[in-house]
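Asker: Before anything else, here's the structure in question.
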Amino acid sequence: MADDPYQVLGVAQGATPDAIKKAYRKLARAHHPDLNPGKPAAEARFKAVSAAHEILSDPDKRARFDRGEIDGAGQEQAPAGGYRRQAEEAAGARYGTAPPEGMFDDLLAEMFARQRPDGPRAGRDESYLLKVPFASAVMGATEELTLPDGRVLRVQIPPGVETGQVLRLRGQGGAGRQGGPAGDALIELDVAPHPVFRREGFDLRFDLPVTLREAVLGGAVEVPTPSGTLRVTLPAGSDTGRQIRLRGKGVAGHGARAAGDLLLALRVVIGPPDAALEAFLRDWVPEHPQDPRAGLEASR
Amino acid sequence: MMTIEMLCLRFAALTPEDLLHWIEEGHVRPDDQAGMLVFREIDVERVRLILELRDILEVNEAALPVVLSLLDQLYALRRRLREAGIAVDETA
Chain A
1 MADDPYQVLG
11 VAQGATPDAI
21 KKAYRKLARA
31 HHPDLNPGKP
41 AAEARFKAVS
51 AAHEILSDPD
61 KRARFDRGEI
71 DGAGQEQAPA
81 GGYRRQAEEA
91 AGARYGTAPP
101 EGMFDDLLAE
111 MFARQRPDGP
121 RAGRDESYLL
131 KVPFASAVMG
141 ATEELTLPDG
151 RVLRVQIPPG
161 VETGQVLRLR
171 GQGGAGRQGG
181 PAGDALIELD
191 VAPHPVFRRE
201 GFDLRFDLPV
211 TLREAVLGGA
221 VEVPTPSGTL
231 RVTLPAGSDT
241 GRQIRLRGKG
251 VAGHGARAAG
261 DLLLALRVVI
271 GPPDAALEAF
281 LRDWVPEHPQ
291 DPRAGLEASR
Chain B
1001 MMTIEMLCLR
1011 FAALTPEDLL
1021 HWIEEGHVRP
1031 DDQAGMLVFR
1041 EIDVERVRLI
1051 LELRDILEVN
1061 EAALPVVLSL
1071 LDQLYALRRR
1081 LREAGIAVDE
1091 TA
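Chains A and B, in that order, are what the protein sequence lines are.
Its first residue numbered 1, the first sequence is counted upward by one per residue in this note's numbering.
Its first residue numbered 1001, the second sequence is counted upward by one per residue in this note's numbering.
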């Protein structure tokens, strides 16, 4: 099924012969195959444009196409692009004397020196992206990375890595040539966020929910940390926002760098309605009455 | 191989006067065989190209030598690159 010649030339159905000629010339200039030796697609495009023009430039053929008597195939024009096939072969020397021989020798020598195939050449560095679970970035781990060629790299993740950091695995990139060394694998890390813990440098932050009883009376509570569950003793009268620092329980140490801390911020949770608690509070007379909003007015 | 008469029969838009003028200007370079002009396949295609440049692309008389010269340089470069590519393949 041939294309609609109006669409090929990009003109309206009612276009004047002048408009058709203009559109045809414009497209022919852009796609003439002899002017586009490096673009094979230009030839097909030029043929389609010529065939469309063949139909639309002939009032008789155009009318028959409009009535649907012929399709858009039209008659094949003399094939353009014959010159470029000749000109690139040895025969082209007949017309190719314009640039003195040697005009491009410096350029060519430069190009081929850069990719001289003799002598050892190092392989390319290859870049990869590795998603790292939050816990692995905090404690360090070994993650596996499957390469496009099926190889599996075991990547040592040191504790404390951050998103965007790049690890270099020597000799794991592209193969070298002629005995040259292999390139490196450059592995960019993407550390997943954690729903509860937040990284702040090498410290971790965590909002610890506590009950009203735990906040008022204090006592031991169990706290999940990346390095396992810890028992933490809360002091009595721990208000919301109170911060507890667990030294060395943040991001694990690495080499000379000491481990970070885990900072807990307490958050009192009252929980569902409790009749006994309500009854108690109704009758309760505070030992030291206080207004937690005292001083807020002054700042208005 | 073609004579000038065959060539003018081949292209309806071509007159012997145009062709002789192009030969004079060096745009078309047929062989001279015992006083008779003989056109090879590349010359025939070159005549077609010049006709298309003139009649379809509206390249005028004055611009024609410029366009042909640039095309000649382009094809000479492509030929050189291709030769150089072949040479590299052979040494690899």
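We treat Cβ as the ideally placed atom computed from N, Cα and C, and that holds for glycine.
Treat the numbers as computed from the prediction; the structure is a model and nothing was measured.
For Ala135 of chain A and Pro226 of chain A, which I take to be in contact (beta-carbon distance under 8 Å), what is that distance rounded to the nearest angstrom?
Answerer: For the purposes of this step, residue 135 of chain A is taken as residue 135 along the first sequence, with counting starting at 1. For the purposes of this step, residue 226 of chain A is taken as residue 226 along the first sequence, with counting starting at 1. Between Pro226 of chain A and Ala135 of chain A the Cβ distance is about 5 Å, and since that is below 8 Å, they are a contact.
Asker: Considering Cα atoms alone, identify which of A:Thr16, A:Pro5, A:Leu27, A:Arg293 is closest to Ile55 of chain A.
Answerer: What you label residue 55 of chain A is simply residue 55 of the first sequence in a count that begins at 1. Among A:Thr16, A:Pro5, A:Leu27, A:Arg293, the Cα nearest to that of Ile55 of chain A belongs to A:Pro5.
Asker: To which residues does DSSP link Lys131 of chain A through a beta bridge?
Answerer: Taking the first residue of the first sequence as 1, we reach residue 131 of chain A at position 131. Bridge partners of Lys131 of chain A: A:Asp190.
Asker: Relative to the C-alpha of Asp184 of chain A, which candidate in A:Gly123, A:Leu212, A:Gly68, A:Glu69 has its C-alpha closest?
Answerer: Your numbering for residue 184 of chain A matches position 184 in the first sequence. Among A:Gly123, A:Leu212, A:Gly68, A:Glu69, the Cα nearest to that of Asp184 of chain A is on A:Gly123.
Asker: Taking Ile1056 of chain B as the query, report the chain A residues whose CB atoms sit under 7 Å from its CB, ordered along the chain.
Answerer: Within the second sequence, residue 1056 of chain B is the residue found at index 56, counting from 1. Within chain A, the residues near Ile1056 of chain B are Arg25, Ala28.
Asker: Could you tell me the boundaries of the alpha helix (DSSP H) in which Val251 of chain A lies?
Answerer: One-based indexing of the first sequence puts residue 251 of chain A at position 251. Careful: Val251 of chain A lies outside any alpha helix (DSSP H) and carries neither H nor E.
Asker: Under three-state DSSP, which class holds Pro17 of chain A?
Answerer: The sequence position of residue 17 of chain A within the first sequence is 17, counting from 1. Looking at Pro17 of chain A - three-state DSSP - the assignment turns out to be helix.
Asker: By the three-class DSSP mapping on this structure, what secondary structure does Met1002 of chain B have?
Answerer: Taking the first residue of the second sequence as position 1, residue 1002 of chain B is located at position 2. Strand at Met1002 of chain B.
Asker: Could you tell me how far apart the beta carbons of Tyr128 of chain A and Ile70 of chain A are, in whole angstroms, since I believe they sit closer than 8 Å?
Answerer: Along the first sequence, one-based indexing puts residue 128 of chain A at 128. Along the first sequence, one-based indexing puts residue 70 of chain A at 70. Contact doesn't hold; Cβ gap of about 57 Å is too wide.
Asker: Please return the same chain residues whose Cβ sits closer than 8 Å to the Cβ of Asp1018 of chain B, not counting the five positions on each side in sequence.
Answerer: Position 18 of the second sequence, counting from 1, holds the residue named residue 1018 of chain B. Closer than 8 Å at Cβ, skipping near neighbours: no residue.
Asker: Closer than 6 Å: is that where the CB of Arg247 of chain A sits relative to any heavy atom of the ligand SAH?
Answerer: This structure lacks the ligand SAH, and indeed carries no ligand of any kind.
Asker: Given that a residue counts as buried once 16 or more other Cβ atoms are within 10 Å of its Cβ, and exposed if not, what is Glu214 of chain A?
Answerer: Counting from 1 along the first sequence, the entry for residue 214 of chain A is found at position 214. So Glu214 of chain A ends up on the buried side.
Asker: Taking 6 Å as the limit between beta carbons, can you name the residues of its chain near His31 of chain A, skipping five residues before and five after?
Answerer: The count along the first sequence starts at 1 and reaches residue 31 of chain A at position 31. Result list for His31 of chain A: Ala42, Arg45, Phe46, in chain order.
Asker: Could you give the uninterrupted runs of the beta strand (DSSP E) lying entirely in the region 1017 to 1072 of chain B, keeping only those of 3 residues or more?
Answerer: Runs of the beta strand (DSSP E) inside the region 1017 to 1072 of chain B: 1031 to 1033, 1036 to 1038.
Asker: Can you look up Ala1012 of chain B in the DSSP assignment and give me helix, strand or coil?
Answerer: Looking up residue 1012 of chain B in the second sequence gives position 12. Reduced to three states, the DSSP call for Ala1012 of chain B is coil.
Asker: I'd like to know whether the C-beta of Ile1098 of chain B is nearer than 7 Å to at least one C-beta of chain A.
Answerer: In the structure displayed, chain B extends from 1001 to 1092; residue 1098 of chain B sits before or after that span and is not available.
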